[in-house]
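> Below you will find the structure I want to go over with you.
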Amino acid sequence: MAAQKQPTVGSLAEEYVRRDAEAISPSLTRIYPFVMDHGRGSLVWDVNGQQFIDFTAGIAVTSTGHSHPEVVQAIQDQAAKFIHMSGTDFYYTVQVELAEKLDSLMPGSEPKQAFFTNSGTEAVEAAFKLARYATGRTRMIAFIGAFHGRSMGALSLTASKYVHRKGFAPLVPGVTHVSYGYCYRCAYNLEYPSCDVYCVKYIEDTLFKRFVPAAEVAAIFVEPIQGEGGYVVPPPPYHQRLRELADKYGILRVDDEIQAGMGRTGKMFAIEHWGVVPDILCLAKGIASGMPLGAIVAKKRWMTWPPGAHASTFGGNPVSCAAALATLRLLEGGYVENAAQMGERFMERLRRMEANHPSIGDVRGLGLMVAVELVKNRNSKEPAVDLRAAVVQKCFEKGLLILGCGMSTVRFMPALNITADVVDEGLGIFEQALIEAENAAYRVLRE
Ligand SMILES: Cc1ncc(COP(=O)(O)O)c(C=O)c1O
Numbered sequence: 015m016a017a018q019k020q021p022t023v024g025s026l027a028e029e030y031v032r033r034d035a036e037a038i039s040p041s042l043t044r045i046y047p048f049v050m051d052h053g054r055g056s057l058v059w060d061v062n063g064q065q066f067i068d069f070t071a072g073i074a075v076t077s078t079g080h081s082h083p084e085v086v087q088a089i090q091d092q093a094a095k096f097i098h099m100s101g102t103d104f105y106y107t108v109q110v111e112l113a114e115k116l117d118s119l120m121p122g123s124e125p126k127q128a129f130f131t132n133s134g135t136e137a138v139e140a141a142f143k144l145a146r147y148a149t150g151r152t153r154m155i156a157f158i159g160a161f162h163g164r165s166m167g168a169l170s171l172t173a174s175k176y177v178h179r180k181g182f183a184p185l186v187p188g189v190t191h192v193s194y195g196y197c198y199r200c201a202y203n204l205e206y207p208s209c210d211v212y213c214v215k216y217i218e219d220t221l222f223k224r225f226v227p228a229a230e231v232a233a234i235f236v237e238p239i240q241g242e243g244g245y246v247v248p249p250p251p252y253h254q255r256l257r258e259l260a261d262k263y264g265i266l267r268v269d270d271e272i273q274a275g276m277g278r279t280g281k282m283f284a285i286e287h288w289g290v291v292p293d294i295l296c297l298a299k300g301i302a303s304g305m306p307l308g309a310i311v312a313k314k315r316w317m318t319w320p321p322g323a324h325a326s327t328f329g330g331n332p333v334s335c336a337a338a339l340a341t342l343r344l345l346e347g348g349y350v351e352n353a354a355q356m357g358e359r360f361m362e363r364l365r366r367m368e369a370n371h372p373s374i375g376d377v378r379g380l381g382l383m384v385a386v387e388l389v390k391n392r393n394s395k396e397p398a399v400d401l402r403a404a405v406v407q408k409c410f411e412k413g414l415l416i417l418g419c420g421m422s423t424v425r426f427m428p429a430l431n432i433t434a435d436v437v438d439e440g441l442g443i444f445e446q447a448l449i450e451a452e453n454a455a456y457r458v459l460r461e
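Heads up, the sequence shown is in the working numbering, so the first residue is 15 and it goes up one at a time.
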């Protein structure tokens, strides 16, 4: 692999980055100039012909790798039959088959029903509306650090980065944010397990007693593992405690598995690690290997809304549904299991790196939802924001695509069928980038 992959001036990639800047909204968040040409599995090539290892899977989307032949075949077969008919007004087989499959996969023995959207954000919007409709209540509880999307309802639940909200108020009223079970940076300066999961108790003891009447709360929106917030894995009793709280007050539990779901954590749905049953499950990203599709799957008893109450022209597009059915066959056929195994490989190697790199403050994750949080000092835990930026950039220059999340975390979210040799090669590049970025940071400190 070439040592330096930054596009050179005058190259095709450099030209498209320049044209993009003229033609496309500046609100997108590109951090390095990767201009995709094609991809296979966990490898991608840019338009300059440079090969990269992809630890991003297009932000946790290409669950079966880039252009898996079985997914491509399913897309081609469906496209040749018909591309669109709108599941809102008409019936077609793949939408029904996919709904049946998702209903059967969602945890819990009660009957379920599905509703299809085009994106994760729209799945969250659908869950927001359904929770209000089904309970007749208006308020929502969500979490600091949460990312649920950027349309007005979803944005009202999002509390991840200032830039997502700045300039867009007023948002949908009635959403209260509380601290997540982020033990590495506990908002209450407590330690698990002696804290007895105070972050959940706070909702009942403070919120419900002082300023948020529980009887007005329709739903608690929660990511089983916070994604954009930093790949934060909450402690073992956390989700069960939230479930009990919701049950006690007749509140729905909406699990946003848009990033954590579809096998990524080594189980089909991340919440299965905690043995908890949600009322509504939000899905998207990895569900169709990259074809645009989102869904909510809910206990049937909550699907009380009448015809016309909610629908979408494109939601449940037949080509996307066909891709999702092929994706699910592959996930169940071994890729979820592979995610669990490769996730352990990531964790082992990253834990070894942690021992040698004081800038790694925390290593965490489940399956192929893995992260390292970089800090300036292990005692103060001050986020190493610049170091993270330097590491991500250096990885790109060396031929590895990674992305950040949270304040100073690097996340690893490759395709679920990634192989051990690609994991090892990518992590080798990551460690080299970390060494160089650390050395550069120490040089600046010494000067
Ligand atoms: C947990 C979670 N919910 C919702 C969304 C929004 O999904 P989309 O970008 O498909 O609208 C995201 C996207 O990153 C997400 O990670």
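Ideal placement from N, C-alpha and C gives every residue a C-beta, glycine not left out.
Can you list, in chain order, the residues of its chain with a C-beta nearer than 6 Å to that of residue 136? Leave out the 5 residues immediately preceding and following it.
308
> To which residues does DSSP link residue 54 through a beta bridge?
57
> Measure the CB-CB distance between residue 279 and residue 383 and report whether it falls below 8 Å.
yes
> For a test of the three-state rule: what should DSSP assign to residue 19, helix, strand or coil?
Secondary structure of residue 19 (DSSP, three-state): coil.
> Answer with yes or no whether the minimum CB distance from residue 403 to chain C is below 8 Å.
Annotation note: the requested chain C is absent from the structure, which comprises a single protein chain.
> With a 10 Å radius around its C-beta and 16 neighbouring C-beta atoms as the bar for buried, classify residue 181 as buried or exposed.
exposed
> For ligand 1, is there any heavy atom lying closer than 7 Å to the beta carbon of residue 175?
Relative to ligand 1, residue 175 has its C-beta separated by 7 Å or more from all heavy atoms.
> My parser needs the alpha helix (DSSP H) runs of 4 or more residues fully inside the segment 396-445; what are they?
399-412
> Kindly list the residues whose CB is nearer than 6 Å to the CB of residue 377, restricted to its own chain and excluding five residues on each side of it in sequence; keep chain order.
364, 365, 368, 386
> If we ignore side chains and look at the alpha-carbon of each, how far apart do residue 109 and residue 332 end up?
7 Å
> Throw me the rounded Cβ distance for the residue 305 and residue 337 pair, which I believe falls under 8 Å.
4 Å
> Looking only at C-alpha atoms, which of 177, 317, 229, 145 sits nearest to residue 159?
177
> So the candidates are 438, 116, 448; which of them puts its Cα closest to the Cα of residue 313?
116
> Can you find at least 3 beta carbon pairs, one from the segment 67-78 and one from the segment 26-38, that sit closer than 8 Å?
no
> Regarding residue 161 and ligand 1, is the C-beta to nearest heavy atom distance less than 7 Å?
yes
> Might you give, ordered along the chain, the residues of its own chain that have their beta carbon closer than 7 Å to the beta carbon of residue 22, omitting 5 neighbours on each side?
Beyond the five residues adjoining it in sequence on each side, residue 22 comes within less than 7 Å, by CB distance, of 28 in the same chain, given in chain order.
> Sorry if obvious, but does the Cβ on residue 237 come closer than 7 Å to a heavy atom of ligand 1?
A distance criterion of 7 Å places the beta-carbon of residue 237 in contact range of ligand 1, judged by its closest non-hydrogen atom.
> Let me know if residue 42 comes out buried or exposed under the rule of 16 or more other beta-carbons within 10 Å of its beta-carbon.
exposed
> Across the segment 386-403 and the segment 312-328, are there enough close Cβ pairs to call them in contact, namely three or more that are closer than 8 Å?
These segments do not touch.
> Please determine if the segment 335-354 and the segment 146-166 are in contact, where contact requires at least 3 C-beta pairs separated by less than 8 Å.
no
> If we ignore side chains and look at the alpha-carbon of each, how far apart do residue 266 and residue 237 end up?
14 Å
> Going by beta carbon distance, what residues of the same chain come within less than 8 Å of residue 318, once the five residues before and after it are set aside?
147, 148
> Pair every Cβ in the segment 117-128 with every Cβ in the segment 197-209, then say whether three or more of these pairs are closer than 8 Å.
no
> Kindly indicate which three-state DSSP category residue 240 falls into: helix, strand or coil?
strand
> For residue 452, which residues in the same chain have their Cβ closer than 8 Å to its Cβ, ignoring the five residues on either side in sequence?
371, 373, 401
> Compute the minimum distance between the beta carbon of residue 134 and the heavy atoms of ligand 1, and state whether it is under 7 Å.
At least one heavy atom of ligand 1 is nearer than 7 Å to the Cβ of residue 134, so yes.
> Taking the runs of the alpha helix (DSSP H) that are 4 residues or longer, which of them lie wholly in the segment 126-151?
134-149
> Could you give the C-beta distance for residue 298 and residue 272, rounded to a whole number, given that I count them as a contact under 8 Å?
5 Å
> Output the boundary residues of the alpha helix (DSSP H) element that contains residue 522.
The requested residue 522 does not occur in the structure, where the chain is confined to residues 15 to 461.
> Run the CB neighbour count on residue 426, radius 10 Å, all protein chains shown included, and call it buried at 16 or more, exposed below.
buried
> How many Å lie between residue 166 and residue 190 at the Cα?
15 Å
> Buried or exposed, going by whether 16 or more other CB atoms sit within 10 Å of the CB of residue 458?
By the neighbour-count rule (16 or more Cβ atoms within 10 Å), residue 458 is not buried but exposed.
> Between residue 200 and the rest of its own chain, which residues show a CB-CB distance below 6 Å, the 5 nearest in sequence each way excluded?
none
> Can you give the Cα-Cα distance for residue 324 and residue 175, rounded to whole angstroms?
29 Å
> Suppose the cutoff is 6 Å on Cβ atoms and the five residues either side in sequence are ignored; what does the same chain contact list for residue 193 look like?
Answer for residue 193: 158, 201, 213, listed in chain order.
> Cβ-heavy atom distance between residue 51 and ligand 1 below 7 Å?
no
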